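Numbering (UniProt numbering), first residue to last: 1 to 93. Where a beta carbon is used, it is the ideal one built from N, C-alpha and C, also for glycine. In this text the structure is predicted, and so the values were computed from the model without any measurement.
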Amino acid sequence: MPTQVKQESACDAISESDLARLIVDTLHLELDVKDVDPAAPLFGDGLGLDSIDMLEIVLSISKKYGVALRSEDRPAFTSIRALTAHINRQRPK
Numbered sequence: 001m002p003t004q005v006k007q008e009s010a011c012d013a014i015s016e017s018d019l020a021r022l023i024v025d026t027l028h029l030e031l032d033v034k035d036v037d038p039a040a041p042l043f044g045d046g047l048g049l050d051s052i053d054m055l056e057i058v059l060s061i062s063k064k065y066g067v068a069l070r071s072e073d074r075p076a077f078t079s080i081r082a083l084t085a086h087i088n089r090q091r092p093k
């Protein structure tokens, strides 16, 4: 039986810890969410993610929060903090 993904209410702003949990779970990272620095870079010296990871995150964000991220949104992927703010701005009111 297919699993249903619960989409968050458009009224509720997501938190940095919500997004960190989504990223850790989606990518099966061996990290505790509380150890993820929301200001750390997602790529390179921060979490060390790559372009494939980015695609998986984009799909998970779209499914869970109903926000479609595009290539021009790439600057929002600098950190969990920046991405959280971007998603909250893009969500329907």
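### Query
Contact between the stretch 15-25 and the stretch 56-71: three or more CB pairs below 8 Å?
Taking a contact to require three or more Cβ pairs closer than 8 Å, the stretch 15-25 and the stretch 56-71 qualify as touching.
### Task
Measure the C-alpha to C-alpha separation of residue 34 and residue 18 and round it to an integer number of angstroms.
11 Å
### Task
Could you work out which residue in 47, 91 and 92 is closest to residue 77 when comparing CA atoms only?
47
### Message
Please list the terminal residues of the continuous alpha helix (DSSP H) segment that includes residue 81.
### Response
Per DSSP, residue 81 belongs to the alpha helix (DSSP H) from 80-90.
### Task
Report the partner residues of residue 43 according to the DSSP bridge assignment.
49
### Query
In three-state terms, what does DSSP make of residue 20?
Reduced to three states, the DSSP call for residue 20 is helix.
### Distance between beta carbons of residue 81 and residue 16, contact taken as under 8 Å
Contact flag correct, Cβ pair sits at about 6 Å.
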